[in-house]
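Going line by line, the protein sequences match chains A and X. Heads up: the first sequence begins at 1 in this note's numbering, then just goes up one per residue. Heads up: the second sequence begins at 1 in this note's numbering, then just goes up one per residue. Note that beta-carbon positions come from the ideal geometry of N, C-alpha and C, so glycine has one too. Owing to the predicted nature of the structure, the values given are computational and were not obtained by experimental measurement.
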Amino acid sequence: MLPESEITRIAGRCHPPDRSVALESMLEVVDGEARLLDGAGALWQWAPIAELRVDGPLGRLERKVIFPDGTVFLAPGTSDIDAALGRDDSRLHDWERFHPRLIGVIAAAILGAVAVWRFGLPILVAIAVWLTPGTLLRKMDAGTLATIDAVMMEPTTLSDAQQAPVKAIFDDLLAVLGPTDPRFVHNLQFRDAGPQLGPNALALPGGTVVVTDELAKLLVDDPDAMAGILAHELVHVEEAHGLTALYRSLALYVLVALIAGDTGPLLEEALLEGNVLLSLAGSRAAEEEADAGAVPLTRRAGYDPIGLARFMEIIAEEHGGGGGWLSTHPDSHDRAAAIRALAN
Amino acid sequence: MHSYDQEAHEVQFSGRAGEWFGIWIVNLLLTIITFGIYSAWAKVRRNKYFYGNTSIGGRGFDYHATGMQILIGRIIVIAVLIVYNVAAAVFPPLAFLLIFAFVFVLPWLLIRAAKFSARNTSWSNVRFDFDGRYWDAFITFILAPIGVALTLYTTLPLLTRRMNRFIIEGHRLGNRSFSLQVPAGSLYLAFGVALLFSLGMGVLLAVILAVAAGGMFAGLATGEPSPEAVAMIILPIYLVMFLVFFPATILYRAMVRNAVYGGTELQGGHRFASMVHPGRLIWIVISNAVIVVLTVGLMLPWAQIRLQRYLAESTVVIANGSLDQFAGEVQADGRAIGDAFSDIEGFDIGAAGI
């Protein structure tokens, strides 16, 4: 007696290659071969199972079996096409099923998102900062300086005698800062920023610190305050705050675009606005960190850290406190209070 | 004897929120643990689910791109973005030059993106295709918008028509082409309604804010601007954006969709109809956004299914004869750079194609 080979039949529809016409048909699997029968049961075509292309299961969608010539057989989503063809690629599908197990997936996704936010992103950004070569940093400084010179600042009007005391304070701070990352080239620049920017200072990622003429004139009798401000800017450089913010906003932008996918109208705008608010929060945190780092640095260089607090209070009186969730800098009153608390 | 045999087929959407939630959350988890790499395969799964569950006359759509194609496109786009940002930081004037050059690359990218999605989309086993001429795209998406801005946006409906015509007439289903005939009047009507809505909402908002701000100005006059006062300056901008500008945009798009579908024909006398109710659509979009935010994103799959179902249910295809008559050839299209760019930069011109 001959051994009876097992025959499995699945009813469905089929499309000839690249044609929209849909025909009733039957898929018959015998001995490792798939046969396509038409509505009347006549053999249409056949192919070894290994030559078929089968799309994995997805939701309740029809299952698609593609023959080598492009003929498509569609089986109902409920049919057991995988068993018939001796395949098993339903692992993803099993995980996706609406099942209590999904609670675990949700928890893992939330945990993962938090981990990316708390650790993944900072690590990625730190690696990018670490990989940034010194020449690039110097070029960035030169480029930024050229741009601000062109659009918002004029050459300094301070005499060498007026610049000298500020330079001396800067050198005192550098002396106690000790050996730092060789990629940073610390140098002090003076610029006339006009009344709009007023008394101000800024740090560029490569180690350039810019002091406005207005600031130097304002603090000509207060070396402690000047030391505090320069120390604050040097901490920005040492902690790579500018570079970190640049990489972070770039990475967040790509992450939101890739992970969120298309969130649909309105939500996408809300997400982008949220991103801006978050970067402002990050900027305020960096300012607080720079203030906190400035206190011990100022003291080690032999200046009184209270000077920075005093300056903050002057600024607060003249320009208002500022701060709040729409500012790049925290409230000046709060900053002064925090510096006083740290200094004592 | 009959010369034609027209039959209306409602577009059906059979996606379910619970089912899509499972697929979505697994997509999300795998994307997170692979540091974003899986997002390319997640996109394929998402499109397969939404296309596969959308059907006309019992025949579904399908999406054929592979995760690897999309991943390679995305890697190239991200690499270019990084190079651009670094170059801009090192030498700011270069950024200007690159943006200028980009203006000439953009039309090409738009065409590539539309071609990639069209060639990887099929309905009832017949593939779509897209073909658009570079200079036509350049005029439509670069020059014409500048011209519209110069006319103080009074010619916006004409630009809308030009863009839709570029997209729709560039598409083919198999060997049949689409055409679009839509009178400017119906688009101007949409524009007028959206404008009236903005004016009405704007006046209403101004009155409310004026009342609310009454107490604030007293505080401002005393000298120090409080954080509340600063918020009072910024808040109206957000309110205008989310309560006036975005709803007006949705209103305009809904009415444009109806007009454009009504004027679209697929070679062979097949016509389309869209009956989106603008008020209903605004309600769905806004309530979706609120619910998604309140549930920290967990209701996003539900919101997506809800929107898709509404759009599908509001669409009808009036086929001229049998749905069996379509045929075409598969065009290979492996380059996903335009597609990846549109994902990352968030624009999508192919959406109106189907």
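Chain A places no beta carbon closer than 8 Å to that of valine 244 of chain X, leaving this residue out of the contacts. Bridge pairing for arginine 9 of chain A: A:Glu28 [DSSP]. Leaving aside the five residues that flank tyrosine 252 of chain X on each side, the residues in its chain whose CB is nearer than 6 Å to its CB run, in chain order, Ala190, Ala194. Looking at the DSSP output, valine 83 of chain X bridges to nothing.
Phenylalanine 119 of chain A is classed as exposed because its beta carbon has fewer than 16 other beta carbons within 10 Å across all chains shown. About 12 Å separates the beta carbons of glycine 15 of chain X and asparagine 47 of chain X, which is beyond the 8 Å limit, so they are not a contact pair. Between the alpha carbons of isoleucine 314 of chain A and glycine 22 of chain X lies a gap of roughly 57 Å. By the CB criterion at 8 Å, valine 276 of chain X and serine 322 of chain X fall outside the cutoff. By the neighbour-count definition (other C-beta atoms within 10 Å, threshold 16), phenylalanine 102 of chain X is an exposed residue. Taken in chain order, the unbroken stretches of alpha helix (DSSP H) that lie wholly in the stretch 11-91 of chain A and span 4 residues or more are 81-85. The Cβ atoms of histidine 236 of chain A and aspartate 291 of chain A lie no closer than 8 Å to each other. In terms of Cβ geometry, isoleucine 284 of chain X and tyrosine 261 of chain X do not form a close pair [threshold 8 Å].
When C-beta atoms of the stretch 58-66 of chain X are compared with those of the stretch 119-135 of chain X, three or more pairs fall below 8 Å, so the two segments count as touching. Per DSSP, the continuous alpha helix (DSSP H) segment holding tryptophan 135 of chain X begins and ends at 134-138.
Residue pairing by DSSP places threonine 212 of chain A opposite A:Arg191 in a beta bridge. If the five residues before and after alanine 175 of chain A are omitted, its C-beta is found closer than 8 Å to the C-beta atoms of Ala301, all from its own chain and listed in chain order.
Proximity of methionine 140 of chain A to chain X, defined by a Cβ-Cβ separation below 8 Å, is satisfied. The residues Leu30, Thr31, in chain order, have a CB closer than 6 Å to that of tyrosine 38 of chain X in the same chain once the five nearest residues on each side in sequence are set aside.
Short of 8 Å from the beta carbon of asparagine 187 of chain A, and not among the five residues preceding or following it, lie these beta carbons of its own chain, in chain order: Gly207, Thr208, Val209. A direct Cα-to-Cα measurement between leucine 28 of chain X and histidine 93 of chain A gives close to 14 Å.
With a cutoff of 8 Å on beta-carbon distance, alanine 216 of chain A and glycine 307 of chain A are scored as not near each other. For glutamine 304 of chain X, the uninterrupted alpha helix (DSSP H) segment begins and ends at 300-313.
Less than 8 Å separates the beta-carbon of threonine 157 of chain A from that of aspartate 192 of chain A. Assigned with DSSP and collapsed to three states, asparagine 320 of chain X falls in strand.
In the structure shown, tyrosine 253 of chain A adopts helical secondary structure according to DSSP, grouped into three states.
Closest in C-alpha terms to glutamate 214 of chain A, from the list A:Leu271, A:Gly104, A:Leu102, A:Pro155, comes A:Pro155. According to the DSSP secondary-structure assignment, glycine 262 of chain X is paired through a beta bridge with no residue.
If you check the CB distance, glutamate 24 of chain A and arginine 13 of chain A come in under 8 Å. With 16 or more other CB atoms across the displayed protein chains lying within 10 angstroms of its CB, isoleucine 70 of chain X is buried.
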